[in-house]
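Remarks on the structure that follows.
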Amino acid sequence: MTDADKALATAARGILQTLESAGLTLAVTDTGALQVSPASHLRPDQRVAIRDHRAGLVALLRLRGALFIDDERHRCSDCVHLQRKGYCAMAQKGLMPGVNPWFTPAPHVLQHCHFFHPNAVELGAP
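Take the sequence shown: its letters are residues 0 to 125, numbered as in numbering that gives the first Met the number 0.
Pasting the structure below:
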């Protein structure tokens with residue numbers, strides 16, 4: 000991490016704290032994209048702040064060791080397959096053998112699921 004990256008990270012610290020206190024999770028993918036979830040909670044002003052401070056946020060997240068690829072577990076609340084009533088759409092379609100079609104997962108518990116598809120906005124590298 001260069002001194003310039005550390006300076007960017009320091010400048011972005013307040014923005015990251017504000018976003019996280021709003022219930023958003025930010026992570027850096029292995030391609031360098033900034034991933035923000037849940038996308039449904041992202042306001043337009045937050046999108047602008049993220050775009051304006053992308054380099055600093057990426058530097059800060061890397062400095063914290065918050066790489067997206069470190070952990071393959073996900074929260075159902077971050078998945079497009081979680082329905083409004085709390086059911087898993089993949090279970091409802093019968094794609095999860097042995098699982099009740101009305102399966103209601105714990106939405107905020109980290110777990111492994113090969114049906115996971117992020118309900119997030121990826122703001123790619125410039």
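Cβ coordinates follow ideal geometry from the N, Cα and C atoms, glycine included. Quick caveat: nothing in here was measured; it's all calculated off a predicted structure.
Item to check | Under the three-state DSSP convention, the category His52 falls into | outcome: Taking the sequence shown and counting its residues from 1, the one referred to as residue 52 is at position 53. Assignment of His52 by DSSP, reduced to helix, strand and coil, places it in the coil class.
Item to check | As assigned by DSSP and simplified to three states, the class of Cys87 | outcome: Here residue 87 refers to the residue found at position 88 of the sequence shown. Strand.
Checklist entry - Start and end of the beta strand (DSSP E) containing Val79? => result Against the sequence shown, residue 79 aligns to sequence position 80. Secondary structure note for Val79: it is in no beta strand (DSSP E), with a DSSP letter that is neither H nor E.
Checklist entry - What residue range is occupied by the uninterrupted beta strand (DSSP E) comprising Ser36? => result Position 37 of the sequence shown, counting from 1, holds the residue named residue 36. Its beta strand (DSSP E) spans residues Leu33 to Ser36.
Checklist entry - How would you label Val27, buried or exposed, when you count the other beta carbons within 10 angstroms and need 16 or more for buried? => result One-based indexing of the sequence shown puts residue 27 at position 28. Val27 comes out buried.
Next on the checklist: Suppose only complete runs of 3+ residues qualify. What are the beta strand (DSSP E) ranges in the region 3-33, listed by chain order?
Outcome noted: As summarised for the region 3-33, the continuous beta strand (DSSP E) elements at least 3 residues long and confined to that stretch are 24-27, given in chain order.
Checklist entry - If you pair each beta-carbon of the region 31-38 with each one of the region 50-63, do three or more pairs fall below 8 Å? => result Yes, the region 31-38 touches the region 50-63.
Item to check | Paired residues, beta bridge with Gln110 - DSSP | outcome: Position 111 of the sequence shown, counted from the first residue, corresponds to residue 110. Beta-bridge partners assigned by DSSP to Gln110: His73.
Checklist entry - Alpha carbon to alpha carbon, what distance is there between Ile14 and Cys87? => result On the sequence shown, residue 87 is found 88 positions in, with the first residue counted as 1. On the sequence shown, residue 14 is found 15 positions in, with the first residue counted as 1. Distance between the alpha carbons of Cys87 and Ile14: 33 Å.
Checklist entry - By Cβ distance below 8 Å, which residues in the same chain neighbour Leu23 in space, the five residues on each side in sequence not counted? => result Start at 1 with the first residue of the sequence shown, and residue 23 comes out as number 24. Counting only Cβ-Cβ distances below 8 Å, and skipping sequence neighbours, we find Val35, Ser36, Pro37, His40, Leu41 and Gln45.
Next on the checklist: Using only the alpha-carbon positions, how far apart do His116 and Val108 sit?
Outcome noted: Here residue 116 refers to the residue found at position 117 of the sequence shown. Here residue 108 refers to the residue found at position 109 of the sequence shown. Distance between the alpha carbons of His116 and Val108: 16 Å.
Checklist entry - Hey, how far is the Cα of His80 from the Cα of Pro96? => result Against the sequence shown, residue 80 aligns to sequence position 81. Against the sequence shown, residue 96 aligns to sequence position 97. Approximately 16 Å between the Cα atoms of the pair.
Checklist entry - By a C-beta neighbour count over all protein chains shown, 10 Å radius and 16 as the cutoff for buried, is Ala8 buried or exposed? => result Locating residue 8 in the sequence shown gives position 9, where the first residue counts as 1. By the neighbour-count rule (16 or more Cβ atoms within 10 Å), Ala8 is buried.
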